[in-house]
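See below for the structure under consideration.
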Amino acid sequence: MLAERPITPATLSRKDLPWQIKWDINTCTKCGRCTSVCPVNAIELGVFRKRDVKPPMGLSAKPTTEFSTFYGIRQRTDPAYACIGCAMCNMVCPNNAIEPSRQYDSTTLQFQNNRGGQPRTRGGRRNNSESLLDQIKFIRISMLTDPALDAGRHEFDVRTLLGRVLSPEAEIKCFRENGWKPPVREIYPLVIGGMSFGALSPNMWEGLQMGVAYLNEEMNMPVRICTGEGGCPPRLLRSRFLKYVILQIASGYFGWDEIIHAIPEMKEDPCAIEIKYGQGAKPGDGGLLMWYKVNKLIAAIRGVPSGVSLPSPPTHQTKYSIEEAVAKMIQSMSMAWGFRVPVYPKISASSTSLAVLNNLVRNPYAAGLAIDGEDGGTGAAYNVSMNHMGHPIASNLRDCYKALCVAGAQNEIPLIAGGGIGKHGNLAANAAALIMLGASMVQIGKYVMQAGAGCLGSEKDRCNVCNIGVCPKGITSQDPRVYRRLDPEKVAERVVDFYLSFDTELRKVIAPLGRSTSLPVGMSDALGISDKDAADRLDIKYVI
Amino acid sequence: MCRLFALTSRDPVSPMRAIDALNVMKEGHDGSGVGLFLSGLGGPWEELKEYPILSGIFTDAGLARMSEYMTKNGFQSKYSATFKPDVEPPVGTPKRGTYASIAFRIPDEWKGMTREQADRNLVQMRLDLRAMGEAEGDIMVFSFWPDTIMIKEVGDPLAIAGYLKLDREELYARHILAQGRQNTNYAINLYACHPFFIEGISTMTNGENTAFVPIREYLMSRGVTGYQGYQSDSEVFTHIAHYATKRLGLDISSYKHVITPMNDDEMRDHPDREFLSDLKRACRKLIIDGPNCIIGCLPDGSMFMAQDRKKLRPGVVGGNPELGIYGFSSEICGLNAAIPERDRTKDFQPMHLDTAIVGPDCREVLQCSQKDPLRQQL
Chain A
1 MLAERPITPA
11 TLSRKDLPWQ
21 IKWDINTCTK
31 CGRCTSVCPV
41 NAIELGVFRK
51 RDVKPPMGLS
61 AKPTTEFSTF
71 YGIRQRTDPA
81 YACIGCAMCN
91 MVCPNNAIEP
101 SRQYDSTTLQ
111 FQNNRGGQPR
121 TRGGRRNNSE
131 SLLDQIKFIR
141 ISMLTDPALD
151 AGRHEFDVRT
161 LLGRVLSPEA
171 EIKCFRENGW
181 KPPVREIYPL
191 VIGGMSFGAL
201 SPNMWEGLQM
211 GVAYLNEEMN
221 MPVRICTGEG
231 GCPPRLLRSR
241 FLKYVILQIA
251 SGYFGWDEII
261 HAIPEMKEDP
271 CAIEIKYGQG
281 AKPGDGGLLM
291 WYKVNKLIAA
301 IRGVPSGVSL
311 PSPPTHQTKY
321 SIEEAVAKMI
331 QSMSMAWGFR
341 VPVYPKISAS
351 STSLAVLNNL
361 VRNPYAAGLA
371 IDGEDGGTGA
381 AYNVSMNHMG
391 HPIASNLRDC
401 YKALCVAGAQ
411 NEIPLIAGGG
421 IGKHGNLAAN
431 AAALIMLGAS
441 MVQIGKYVMQ
451 AGAGCLGSEK
461 DRCNVCNIGV
471 CPKGITSQDP
481 RVYRRLDPEK
491 VAERVVDFYL
501 SFDTELRKVI
511 APLGRSTSLP
521 VGMSDALGIS
531 DKDAADRLDI
541 KYVI
Chain B
545 MCRLFALTSR
555 DPVSPMRAID
565 ALNVMKEGHD
575 GSGVGLFLSG
585 LGGPWEELKE
595 YPILSGIFTD
605 AGLARMSEYM
615 TKNGFQSKYS
625 ATFKPDVEPP
635 VGTPKRGTYA
645 SIAFRIPDEW
655 KGMTREQADR
665 NLVQMRLDLR
675 AMGEAEGDIM
685 VFSFWPDTIM
695 IKEVGDPLAI
705 AGYLKLDREE
715 LYARHILAQG
725 RQNTNYAINL
735 YACHPFFIEG
745 ISTMTNGENT
755 AFVPIREYLM
765 SRGVTGYQGY
775 QSDSEVFTHI
785 AHYATKRLGL
795 DISSYKHVIT
805 PMNDDEMRDH
815 PDREFLSDLK
825 RACRKLIIDG
835 PNCIIGCLPD
845 GSMFMAQDRK
855 KLRPGVVGGN
865 PELGIYGFSS
875 EICGLNAAIP
885 ERDRTKDFQP
895 MHLDTAIVGP
905 DCREVLQCSQ
915 KDPLRQQL
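Protein sequence lines correspond, in order, to chains A and B.
Residue 312 in the numbering used here sits at position 312 of the first sequence, and the numbers go up by one each step.
One rule links them: number in the numbering used here = place in the second sequence (from 1) + 544.
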């Protein structure tokens with residue numbers, strides 16, 4: 001440290017940083033790749049001066065001092081440039097001479113990373129590694145009276161319905177009278193949730209769309225992807241691939257103009273329309289696309305100037321109340337496509353979810369309800385919103401399903417659950433647990449980024465800079481210098497890979513339960529958990 | 545695992561014929577219980593077709609409470625076939641009291657009711673009596689319906705038949721469902737013993753229904769009187785049959801389209817594809833998912849057999865049109881024992897798309913495939 005270095009209240013030592021750079025002077029070739037790739041400039045090339053005292057032999061001569069200079073890597077201690085542990089430096093280093101390492105007893109940065117009166121904003125994850133879904137076990141394994149099935153060879157029907165399903169009485173009446181039937185799509189129960197064209201890089205988006213198209217057309221899996229708010233590229237809107245896409249409209253209506261204008265030229269109807277009222281990780285806050293990511297293309301699609309932050313207002317003048325909004329918006333969106341497309345709202349899981357559901361049960365045009373739990377990812381939110389707002393998905397979903405059971409409308413309004421599914425990689429187990437708690441289908445976002453594109457973010461506050469456009473893997477950046485790192489073809493391959501492995505794993509879960517001909521929606525007798533309170537709350541078996 | 549045997553005959557026959565068939569199939573069940581459904585009753589019941597018969601087991605106090613309840617509701621006993629065993633029960637069978645089947649005269653004020661209302665009231669009365677009995681443990685009621693007797697007991701079927709003297713002529717019937725084995729997965733409960741009964745429809749099943757809980761929740765939310773109890777995962781099959789025929793107005797060959805709909809490939813060339821895909825969608829909650837053979841009897845006396853898609857519980861139907869008798873059996877040895885005088889080459893084992901139906905005339909086995917055009921025009 002320099003003798004004159006000021007020590008202020010915000011000064012931190014390297015020891016205070018949760019991520020520390022280990023750099024090996026002996027193997028470093030000083031190529032400079034690490035410093036150029038670091039997304040947050042946490043490391044810089046450093047010139048170090050070293051004093052060496054050399055005592056001569058004998059008693060008469062005085063010791064001499066020699067100074068040498070060497071070059072290396074210096075980690076900055078300014079909180080604004082703290083290392084995020086993404087390890088891109090290690091990825092580009094030819095000799096593994098550098099890597100970040102986590103220092104778990106360093107907690108002081110969290111007191112300093114809110115600056116200029118601004119609390120910390122970050123993308124990605126909740127920094128909470130707990131997962132109730134991971135604790136749930138499938139206990140009803142069939143043994144003798146009902147032999148377990150062969151997951152590899154048996155015939156399975158892993159499909160679910162998106163759209164308002166009429167009751168059997170109403171369906172028969174409708175058939176006899178040739179009446180209007182709400183549109184229903186038979187789809188794969190794992191849906192890629194809303195991640196907008198503004199949030200993701202063009203390469204990532206293209207990769208996802210290609211993966212989904214491949215799964216549909218080559219693998220016979222009717223997988224659907226939601227666009228997220230922010231519109232849809234005009235070419236996709238006019239292509240035959242639109243049928244694999246759920247278009248989202250959200251509080252900001254961003255990109256909606258583009259969609260409306262494309263309707264007359266659409267070759268196919270979209271799979272569905274999702275009206276986003278809230279998302280799990282920042283309930284009531286709306287989305288926030290920070291100015292770093294609003295480049296010319298995004299600005300053009302959304303009809304806004306480039307380089308300005310785009311917070312989606314949590315409420316819009318057309319959404320005066322949830323009753324009105326649900327009734328009016330669902331009806332007008334349905335009307336836009338001649339009542340041929342299912343329209344459903346997406347809300348953040350909250351104590352008022354049941355109220356929304358009650359509104360939907362009586363609305364013949366409502367095609368479902370998507371509930372997003374607190375563990376949902378996000379491109380940008382305040383720390384406090386992400387970590388402390390919202391409702392866990394399991395109990396919220398369960399409440400909604402049970403309310404539907406009382407109304408006799410279970411699965412007539414499909415429930416779509418999201419938030420924290422596959423948080424620790426256990427995608428199929430988490431999805432199956434939610435389906436058995438009552439979800440007709442589940443949606444994932446983070447998992448797609450992690451498994452499909454090698455996202456580095458973690459629940460331990462690693463990386464998580466999706467919001468500022470510097471995503472080191474190029475997943476959430478709108479800067480071509482960064483996103484060209486990501487090959488869309490490879491993303492598509494990975495998406496197909498993990499969907500197929502999910503499919504195998506899901507069968508490995510439901511086959512031992514003896515299920516094969518219909519998705520085990522609401523099969524709560526199969527579930528057990530070793531937490532008594534959770535078991536009581538979810539009305540599943542308590543097992544230890 | 546349960547063993548099932550059903551008989552349908554033009555002339556009343558002794559239920560012992562079915563019990564003997566169960567006994568032949570004993571290798572497959574543990575002799576832990578027996579359930580009997582009898583309709584198309586012969587003997588003294590021939591003249592009493594219109595009178596609902598209450599079947600159950602009563603202690604002396606229970607009989608008194610039941611009579612009091614029936615009288616309060618304006619019902620008068622017309623004929624009764626009660627049986628109080630005077631010997632020690634077989635091993636494992638508790639001493640219960642009187643096994644009664646009592647025909648009642650319907651009160652005059654019911655005459656103005658619609659058929660549906662009267663039927664619903666009969667079901668409600670059965671449920672009321674059951675609830676009264678569950679509180680005190682003195683009344684057990686299995687059915688309350690015209691031309692129907694049900695008997696259930698714990699123990700070996702043959703031993704029970706001897707104990708309860710089931711070869712009595714007053715138990716001769718044209719349509720008999722018999723099941724061997726109590727509910728051994730959980731605690732013994734007579735209400736969990738097949739066959740199950742609601743408004744003239746009775747079914748029994750072997751195997752296990754893994755989709756039980758969601759189906760139960762769905763049925764219970766339909767608001768139909770009588771969709772309750774569910775001590776057994778197989779009770780839902782009876783209620784689905786009731787729901788499909790009485791509530792949805794479908795015929796029994798469509799039952800299979802409800803519980804095990806065809807997949808897309810099978811449905812592709814079906815002439816009624818549009819209706820069937822709608823039905824599959826609407827009744828998705830009622831899809832069964834377990835190895836089951838379902839044998840049932842309808843109010844008109846037709847009997848049917850259907851399998852789940854996996855068809856791990858193959859049943860067989862065979863009989864003699866000359867004698868006017870047909871048997872439905874979960875094992876072929878049971879059928880051989882009960883109806884040896886038949887053309888075995890005409891035995892029919894329904895596959896996963898088939899429903900086998902024998903009408904009340906007992907002339908032929910009607911084989912319906914799900915791939916056939918629907919018999920019923922909508």
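Ideal Cβ positions, reconstructed from N, Cα and C, are used throughout, including at glycine.
Chain A contact for residue i (CB, 8 Å cutoff)
i	result
Pro-758/B	yes
Tyr-762/B	yes
Lys-570/B	no
Phe-740/B	no
Ser-765/B	yes
Pro-834/B	For clarity, residue 834/B is Gly in the given sequence; the question names Pro instead. It does; some Cβ of chain A falls within 8 Å.
Asp-822/B	yes
Residue i versus residue j - alpha carbon distance
i	j	result
Asp-533/A	Pro-392/A	15 Å
Gln-60/A	Gly-72/A	For the record, residue 60/A in the displayed sequence is Ser; it is not Gln. About 38 Å.
Pro-612/A	Phe-241/A	Summary: the structure shown does not reach residue 612/A, with chain A confined to residues 1 through 544, and so no result is reported for it.
Trp-205/A	Asp-257/A	20 Å
Ala-826/B	Ser-518/A	13 Å
Met-811/B	Met-221/A	19 Å
Arg-115/A	Leu-17/A	16 Å
Gly-767/B	Trp-689/B	21 Å
Gly-641/B	Val-631/B	12 Å
Thr-504/A	Ala-148/A	15 Å
Ala-300/A	Pro-283/A	27 Å
Pro-556/B	Asn-363/A	54 Å
Arg-718/B	Leu-607/B	28 Å
Neighbour flag for residue i against chain B, beta carbons, 8 Å
i	result
Val-212/A	no
Ile-468/A	no
Met-441/A	no
Asp-375/A	no
Met-221/A	no
Ser-395/A	no
Ser-524/A	yes
Selected residue, minimal CA-CA separation from residue i, among the options
i	options	result
Leu-842/B	Ala-675/B, Asp-795/B, Lys-824/B, Asn-617/B	Asp-795/B
Lys-616/B	Leu-673/B, Tyr-787/B, Ile-832/B	Leu-673/B
Tyr-716/B	Ala-881/B, Ile-563/B, Ser-798/B	Ile-563/B
Thr-108/A	Arg-120/A, Lys-15/A, Gly-211/A, Val-165/A	Lys-15/A
Ile-225/A	Asn-203/A, Gln-248/A, Arg-507/A, Ser-239/A	Gln-248/A
Pro-85/A	Arg-494/A, Cys-455/A, Asp-539/A, Arg-515/A	Residue 85/A is actually Gly in this sequence, not Pro. Of Arg-494/A, Cys-455/A, Asp-539/A, Arg-515/A, the residue nearest in Cα terms is Cys-455/A.
Asp-269/A	Gly-287/A, Asp-285/A, Ser-239/A	Ser-239/A
Glu-571/B	Glu-875/B, Arg-828/B, Ala-731/B, Ala-785/B	Glu-875/B
Ser-576/B	Pro-835/B, Phe-848/B, Phe-781/B, Thr-637/B	Thr-637/B
In DSSP terms, what residue i is bridged to
i	result
Arg-547/B	Gly-724/B
Leu-910/B	Ile-901/B
Lys-696/B	Gly-579/B
Thr-658/B	In the DSSP output, where bridge partners are listed per residue, Thr-658/B has none listed.
Cys-226/A	Ile-246/A
Val-860/B	Ser-873/B
Gln-410/A	Ile-413/A
Tyr-382/A	Thr-121/A
Per-residue contacts from residue i into chain D (C-beta, under 9 Å)
i	result
Ile-435/A	Structure shown: chain D not included; protein chains present are A and B.
Contact test: residue i Cβ vs the ligand PLP heavy atom, cutoff 7 Å
i	result
Asp-822/B	Judged by which ligands are present, the structure shown has none, so any question about the ligand PLP falls away.
**Message:** Using a Cβ-Cβ cutoff of 9 Å, what residues of the segment 405-419 of chain A are near chain B? List them in chain order.
**Reply:** Under the 9 Å Cβ criterion, the segment 405-419 of chain A contributes Cys-405, Val-406, Ala-407, Gly-408, Ala-409, Gln-410, Asn-411, Glu-412.
**Item:** chain A contacts made by the segment 603-622 of chain B, where a contact means CB separation under 7 Å
**Value:** Taking 7 Å as the Cβ-Cβ cut-off against chain A, none of the residues of the segment 603-622 of chain B qualify.
**Prompt:** Name the residues in the segment 507-518 of chain A whose C-beta lies less than 7 Å from a C-beta of chain B; which are they?
**Reply:** Those residues of the segment 507-518 of chain A placed with their C-beta closer than 7 Å to a C-beta in chain B are Leu-513, Gly-514, Arg-515, Ser-516, Thr-517, Ser-518, ordered along the chain.
**Asked** Going along the chain, which residues of the segment 773-800 of chain B sit with their C-beta nearer than 9 Å to a C-beta in chain A?
**Response** Listed in sequence order: Tyr-787, Ala-788, Arg-791, Leu-792, Gly-793, Leu-794.
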